[in-house]
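Asker:
Number of protein chains: 2
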Amino acid sequence: MHESEVIERLRRIASAPEARGLTDDVALIDGLVVSHDSIAEGVHFFPFDPPASVGWKLVGVNLSDLAAKGASPAGALLSLTISGDGEWESEFLTGIEQACESYGLPLIGGDTIALPKGAPRVLGMTVLGRAGEHVPARSGGHAGDVLWLVGTVGDAACGLQLLLDDAGSAGPLVDSYRRPLPLLGPGQAIGPLARAMMDVSDGLLLDATRLGDASDCGVEIELAALPLSPAFVEARGDGKGARLFAATGGDDYVLLAALPPDADPETLCLPQAARITRIGALTAGGSLSLSWNGAKVELPERLGFEHSGKSAEQDPAAPVADRP
Amino acid sequence: MHESEVIERLRRIASAPEARGLTDDVALIDGLVVSHDSIAEGVHFFPFDPPASVGWKLVGVNLSDLAAKGASPAGALLSLTISGDGEWESEFLTGIEQACESYGLPLIGGDTIALPKGAPRVLGMTVLGRAGEHVPARSGGHAGDVLWLVGTVGDAACGLQLLLDDAGSAGPLVDSYRRPLPLLGPGQAIGPLARAMMDVSDGLLLDATRLGDASDCGVEIELAALPLSPAFVEARGDGKGARLFAATGGDDYVLLAALPPDADPETLCLPQAARITRIGALTAGGSLSLSWNGAKVELPERLGFEHSGKSAEQDPAAPVADRP
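If you're matching them up, the sequences are chains G and B in order.
Quick note: the first sequence uses my numbering, first residue 1, plus one each step.
Quick note: the second sequence uses my numbering, first residue 325, plus one each step.
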């Protein structure tokens, strides 16, 4: 039985309406949006990553799921494993604490267990958020809706590549990879307008296809419209190749929303100086189509990362192979 | 930094009232009781345990936390790791599904991640339950309250010992260890009467001490009163030594409640033919004291298992050392 079959099996078990078919990253129960994300050493983070950044990232990726539903943080449960002398875990908790304080997320429970000696760490978090009046699903998009992106893409993928090339790399791109900033404020501002919304974590093209599939629509994206950061452009340029890299890299934790054509989110008062950009549209039927300044572009072989199996395991050059 | 310091640190971070000081196994938020428990291969279960029983146990131990607060199951999020070809995980999901169906627990979300090759599995579950009007904490007991136990103790510890002696062991005691039955119905029935309540998972004497400490009371327990199952008595007898073994073994997942002296839970209509037994009392000051037919008994060196580090790791003879 393959991993995809295991997940198919899970979907069949999770038949309750609160589960939203397990296609939405979150469950909705009694007005609370609930989500769980786990990360494993050597798969989602490097053994050499600063432990505090791993703690920050665990909080960040979980809060990004709340952001995508326009919810506000209400509480978190931490699943902590202890492997070794506890030094790593202590620094990890510093990152957890920093991120929880930054976003007003109270840590309200969890579990701490010991691991067999030398076992890779597996860390998990369940977040609960209070939902607004409208909780946009992935599946609510209509043909003709405009696709908007909040934030820039490609920074984290670029940062990951820098770390794969040199574990000592630093700077804003590495920070984007290690310390994602969940877009809670923008999510709450745009949520009431959005017909469909999700966070982009596995690559824009893959996640946009998922939103389109869930909404029974095709997706058109204009590569030239993709918002890039100055640091990204400095590192990779802003040509077609750079934009395809940005659109298929993972770990962005930005927001993708399908809004009715008459909605104008640029007039919203968005917090955190968030950049919102029109990048495409949903279409009647079809699947994903890409353009570059209006001309059709062939789809890349890989649209993103399936099942969040990012980083080290996918690159044989990654230092994860050196772990004892 | 030791494990206990990591946990102390966690308590300081978790200062929100919903966290209940992390001493209560559960958080309480917007009328929902929320709990998370994780288990690791080689620590909380054996690599040779049937995967379906591991799935059942993960649900059972989580639901036991809801039972201890008199809550009813509302939903669960599963943190699933995939290590290998997925066969183990498929059988594991069968156990998850069986337990969820048995207790009316909808699976509503979670996360599935790949682990590095050969890594021990780490599985987690967050459960949400709807609280009754009164959610008994550990800390509500008063001196003079009577301690009641729902269920029998020692069966699971006896089953674990059978498995350590012979991995092929089977029967009701092994079933108690592998497939705990959360006492949801009794918890809901007794919850409204209870001043303090918790589930017994790390050994009765240790958990009773925790309830006493949280309630700022001492604890008296009469060993002769401890309820034992016929299978336990057949295997170990019912003498003082057997009762000390039962009172310090882990994995019981039964309920311990402190009730006012005038409450008579034996008149309650308890579901599931649950056995409720008066085993002692809370006292003003002091710590734990044990008696055997009224005569004081010296405390055993170990009252139970700290931090749920049960089973294999604690016994060098355990087959876990053989895992590839």
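All residues carry an ideal CB built from backbone N, CA and C; glycine is no exception.
Only a predicted model underlies this, so the values are computations on that prediction, with no experimental measurement involved.
Less than 9 Å separating the beta-carbons of B:I432 and G:E18?
Answerer: yes
Asker: Compare the beta carbon distance of G:E222 and G:I279 with 9 Å and say whether it is the shorter of the two.
Answerer: For the pair G:E222 and G:I279, the CB atoms are nearer than the 9 Å cut-off.
Asker: Do B:V477 and B:L387 have their C-beta atoms closer together than 9 Å?
Answerer: No, Cβ-Cβ distance for B:V477 and B:L387 is not below 9 Å.
Asker: Compare the C-beta of G:A27 with all C-beta atoms of chain B and state if any pair is closer than 9 Å.
Answerer: It does; some Cβ of chain B falls within 9 Å.
Asker: Is it the case that the stretch 363-383 of chain B contacts the stretch 453-473 of chain B, given that we only count it when at least three CB pairs across the two stretches are under 8 Å?
Answerer: no
Asker: Once you ignore the five residues that flank B:L594 on each side, which residues in its own chain have a CB closer than 6 Å to its CB?
Answerer: P510 and A513
Asker: So, at 8 Å on beta carbons, what are the nonlocal neighbours of B:S525 in its own chain, with the 5 sequence-adjacent residues on each side left out?
Answerer: V385, S388, D531, G574, D575, D576, Y577 and S632
Asker: Take the Cβ of G:P182 as the centre, count every other Cβ of all protein chains shown within 10 Å, and call the residue buried at 16 or more, exposed below.
Answerer: buried
Asker: Short check: CB of B:D435 to CB of G:G124, under 9 Å?
Answerer: yes
Asker: Identify whether G:G185 lies in helix, strand or coil by the three-state DSSP scheme.
Answerer: helix
Asker: Can you round the beta-carbon distance between B:S493 and B:G542 to whole angstroms, since I take them to be within the 8 Å contact cut?
Answerer: Not a contact, Cβ separation roughly 38 Å.
Asker: Does G:A14 come within less than 9 Å of chain B when only Cβ atoms are used?
Answerer: yes
Asker: Closer than 8 Å, Cβ to Cβ, to anything on chain G: give me those residues from the stretch 393-419 of chain B, in chain order.
Answerer: A398, G399, L401, L402, S403, L404, T405, I406, D409, G410, E411, E413, S414 and L417
Asker: Assuming B:D479 and B:A555 form a contact by the criterion Cβ under 8 Å, report the distance between their Cβ atoms to the nearest whole angstrom.
Answerer: 7 Å
Asker: Just tell me which of B:D562, B:F569 and B:V358 has its CA closest to the CA of B:G628.
Answerer: B:F569
Asker: Just the Cα atoms here: how many angstroms apart are B:S377 and B:G399?
Answerer: 20 Å
Asker: Reducing DSSP to helix, strand and coil, say where B:L583 ends up.
Answerer: strand
Asker: Can you round the beta-carbon distance between G:T94 and G:H36 to whole angstroms, since I take them to be within the 8 Å contact cut?
Answerer: Going by Cβ atoms, the distance from G:T94 to G:H36 rounds to 22 Å, so no, they are not a contact pair.
Asker: Does the CB of G:L206 have a neighbour CB from chain B at under 9 Å?
Answerer: no
Asker: If you draw a straight line from the alpha carbon of G:M197 to that of B:A587, how long is it in whole angstroms?
Answerer: If I take the Cα positions, the gap works out to 53 Å.
Asker: Helix, strand or coil for B:K620 per DSSP?
Answerer: strand
Asker: According to DSSP, what are the bridge partners of G:C217?
Answerer: G:A284 and G:G285
Asker: Hey, is G:G110's beta-carbon within less than 9 Å of any beta-carbon in chain B?
Answerer: yes
Asker: Looking only at DSSP bridge pairs, what is B:P371 linked to?
Answerer: Partner(s): none; B:P371 has no beta bridge.
Asker: If contacts are defined as beta-carbon pairs under 8 Å, then B:D409 and B:P585 qualify, I think. What distance do you get, rounded to the angstrom?
Answerer: Their Cβ separation, rounded to whole angstroms, is 58 Å, which puts B:D409 and B:P585 out of contact at 8 Å.
Asker: Buried or exposed for B:D523, please, with buried defined as at least 16 other CB atoms from any protein chain shown within 10 angstroms of its CB.
Answerer: buried
Asker: What do you reckon, are the CB atoms on B:L452 and G:V34 nearer than 9 Å?
Answerer: yes
Asker: Taking only runs that begin and end inside the stretch 70-123 of chain G, name each unbroken beta strand (DSSP E) of 3 or more residues, in chain order.
Answerer: Those beta strand (DSSP E) runs which fall completely within the stretch 70-123 of chain G and span 3+ residues are 72-82 and 107-114.
Asker: In terms of DSSP beta bridges, what is G:A27 paired with?
Answerer: G:V34
Asker: Spatial neighbours of B:K634 within its chain, please: CB distance less than 7 Å, with the 5 preceding and 5 following residues excluded, ordered by chain position.
Answerer: Because the pLDDT of B:K634 is 36, which lies under 50, any placement of that residue in the model is unreliable, and the number read from its coordinates should be weighed accordingly. Correct list, in chain order: H368, G574 and D575.
Asker: Can you look up G:P324 in the DSSP assignment and give me helix, strand or coil?
Answerer: With a pLDDT of 25 at G:P324, under the threshold of 50, the modelled position of that residue is not reliable, and no figure is offered here.
Asker: In three-state DSSP terms, what is G:G21?
Answerer: helix
Asker: Put G:S169 into one of helix, strand or coil per three-state DSSP.
Answerer: coil
Asker: Which residue from G:T209, G:I39, G:E87 and G:A247 puts its Cα closest to that of G:G151?
Answerer: G:A247
Asker: Could you tell me whether any Cβ in chain B is nearer than 9 Å to the Cβ of G:A327?
Answerer: In this structure chain G extends from 1 to 324, so residue 327 of chain G is not present and cannot be described.
Asker: So, does the CB of B:H360 fall closer than 9 Å to a CB anywhere in chain G?
Answerer: Look at B:H360: its C-beta is under 9 Å from a C-beta on chain G.
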